[in-house]
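Participant: If you count by full-length UniProt numbering, then the sequence shown holds residues 1 to 330, one letter each, in order.
Every residue gets a Cβ at the ideal spot worked out from N, C-alpha and C, and that includes glycine.
Before we start, here is the structure in question, set down as structure tokens.
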Amino acid sequence: MTNTLMIYGAAGYNGRMAVAQAKALGLETILAGREEQVLAKLASESGLPYRVFPLDDAATVAARLAGVNVLLNCAGPFMRTAEPLMRGAIRCGAHYLDIAAEMDSYRLAEALHEEAVLAGVMLVPGGGGSVAMLGCLAEHAMKRVTRPGKVSIALHVSGSMSRGSATSAAQNLTPECLARVDGVLVPRDPRDIRQFDFGKGMVDCFPVTLPDLVTIWRASGTPNIETFVHVSGAAFPTADHSTLPDGPSAEQRDANRYQASVVVTGVDGESVSSLLDTVNGYSFTPMAAAEAARRMLLGDVRPGFQVPARHFGAGFAVTIADTRITDVPT
């Protein structure tokens with residue numbers, strides 16, 4: 001096969017939306033995952049071929065990736081799926097893309113960078129979702145500063161979380177709250193509340209360890225990076241995750257847009273601020289991932305670990321649905 005996309009985890013909440021986006025873009029797509037029954041049903045409904053395979057045997061993974069040009073991993077928790085699929089992609093010469101918001105995927109891509117370069121394979125964790133959002137916002141703002149020295153960036157998460165995301169988040173809570181200081185990841189005080197303006201006035205944001213501590217550093221070399229989150233609605237549920245719905249409905253997504261705010265400070269003390277406003281993260285993620293896959297299938301690739309905002313450009317996020325980046329007067 002040529003120019004073929006495989007979506008692993010296709011029958012999950014994010015996976016199904018990614019399949020719909022891939023079909024809308026006219027991409028030749030193979031569905032994949034671990035459960036025969038749900039995949040067969042989705043394949044029948046979508047008219048697409050499918051492959052069923054677990055990830056516990058490297059030879060099996062490699063065999064099932066035969067003929068695939070780009071692999072999109074939508075199967076969380078990514079701490080369990082990213083490594084076998086990244087390694088399988090490198091072994092088979094397929095470019096790897098995922099929607100992970102977990103640090104493990106990014107540290108793994110760093111560790112596998114040289115191996116991927118030798119294989120001519122591109123690794124793009126976070127090709128859809130908050131990493132693409134925040135990365136593009138940071139890239140945009142850093143262009144306004146002669147020499148960026150510090151990036152402080154915050155994400156406003158609104159609405160409810162999917163069952164899969166809640167499970168992944170619970171299993172990937174890092175015991176340390178980290179920031180990047182002088183190029184090094186170091187612990188920080190989790191009580192270090194900061195205020196950011198997402199377009200309706202200043203609100204409190206709490207420090208969190210986001211993958212952007214890796215991706216913004218890798219893309220720009222900015223030595224000091226700190227990441228925050230402001231939560232509204234039921235974004236981080238405390239109930240039994242098994243009782244949660246599959247994910248927010250289209251109406252719920254439409255009612256809860258996401259925003260991000262960044263402050264970039266230059267080494268000379270100059271400071272600028274920019275704001276991103278976009279659709280709900282669960283709407284943005286499959287659209288961004290499918291668009292990244294489309295570009296990769298067309299040959300927009302560079303071997304090794306690549307950051308979406310730097311590889312696809314600072315304007316990548318604003319090509320996705322109703323997304324705007326505006327500069328805030330300081």
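Starting from the Cα of GLU206, find the closest Cα among VAL184, ILE153 and ALA11 and give me that residue.
Facilitator: Note that residue 206 is Phe in the sequence shown, not Glu. Looking at the Cα atoms, ILE153 is the closest of the given residues.
Participant: When you compare each of ALA250, THR209, VAL203 and GLN252 to VAL231 by their alpha carbons, which one comes out closest?
Facilitator: Of ALA250, THR209, VAL203 and GLN252, the residue nearest in Cα terms is VAL203.
Participant: Within its chain, find whatever has a CB closer than 8 angstroms to the CB of VAL318; leave out the 5 residues flanking it on each side and keep chain order.
Facilitator: So the list reads CYS136, ARG324 and ILE325, once near-sequence residues are dropped.
Participant: Which residue from PHE53, LEU276 and LEU123 puts its Cα closest to that of ALA111?
Facilitator: Selected option, being the one with the closest Cα: LEU123.
Participant: State the Cα-Cα distance for the pair GLU176 and LEU210, rounded to the nearest angstrom.
Facilitator: Approximately 11 angstroms between the Cα atoms of the pair.
Participant: What residue range does the beta strand (DSSP E) around CYS205 cover?
Facilitator: 202-207 is the span of the beta strand (DSSP E), which, as asked, contains CYS205.
Participant: For the beta strand (DSSP E) that contains GLN259, what are its first and last residues?
Facilitator: Looking at the DSSP string, the run of the beta strand (DSSP E) that includes GLN259 is 258-266.
Participant: Sorted by chain position, which residues of the same chain lie with C-beta nearer than 7 angstroms to GLY9's C-beta, five sequence neighbours on each side aside?
Facilitator: Correct list, in chain order: GLY15, GLY33, ASN73, CYS74 and ALA75.
Participant: As an exercise, report each continuous alpha helix (DSSP H) stretch of at least 4 residues that is fully enclosed by the stretch 111-135, in chain order.
Facilitator: If we require 4 residues or more, the alpha helix (DSSP H) runs fully inside the stretch 111-135 come out as 113-119.
Participant: Looking only at its own chain, which residues have a Cβ that is under 6 angstroms from the Cβ of MET1, when we skip the five neighbours before and after it?
Facilitator: Residue placement at MET1 is flagged as unreliable, the pLDDT there being 42, under the threshold of 50; a coordinate-derived value is accordingly withheld.
Participant: Going by DSSP in three states, ASN280 sits in which element: helix, strand or coil?
Facilitator: The answer is coil: DSSP assigns ASN280 none of H, G, I, E or B.
Participant: Is the stretch 279-289 touching the stretch 53-67 in the sense that three or more CB pairs, one from each, lie closer than 8 angstroms?
Facilitator: In short, these stretches do not touch, since the Cβ pair count stays below three.
Participant: Since ARG324 sits in a beta bridge, which residues does DSSP pair it with?
Facilitator: ASP277.
Participant: Would you say THR222 and VAL151 are within 9 angstroms of each other, going by their C-beta atoms?
Facilitator: A contact, by the Cβ cut-off of 9 angstroms.
Participant: Short of 6 angstroms in beta carbon distance, which residues of its chain neighbour GLN306, apart from the five on each side in sequence? Order them along the chain.
Facilitator: The residues are MET122 and VAL124.
Participant: Alpha carbon to alpha carbon, how far is ALA82 from GLY127?
Facilitator: Going from the Cα of ALA82 to the Cα of GLY127 covers about 13 angstroms.
Participant: Closest to ALA63 by C-alpha separation, out of GLY88, ASN69, ALA43 and ALA100, would be which residue?
Facilitator: Of the candidates GLY88, ASN69, ALA43 and ALA100, the one whose C-alpha sits nearest the C-alpha of ALA63 is GLY88.
Participant: Have a look at the DSSP bridge pairing and note the partners of GLN37.
Facilitator: GLN37 is not bridged to any residue.
Participant: If you drop the 5 nearest sequence neighbours on each side, which residues of the same chain put their C-beta closer than 7 angstroms to that of ARG302?
Facilitator: Hits under 7 angstroms: MET122 and HIS311.
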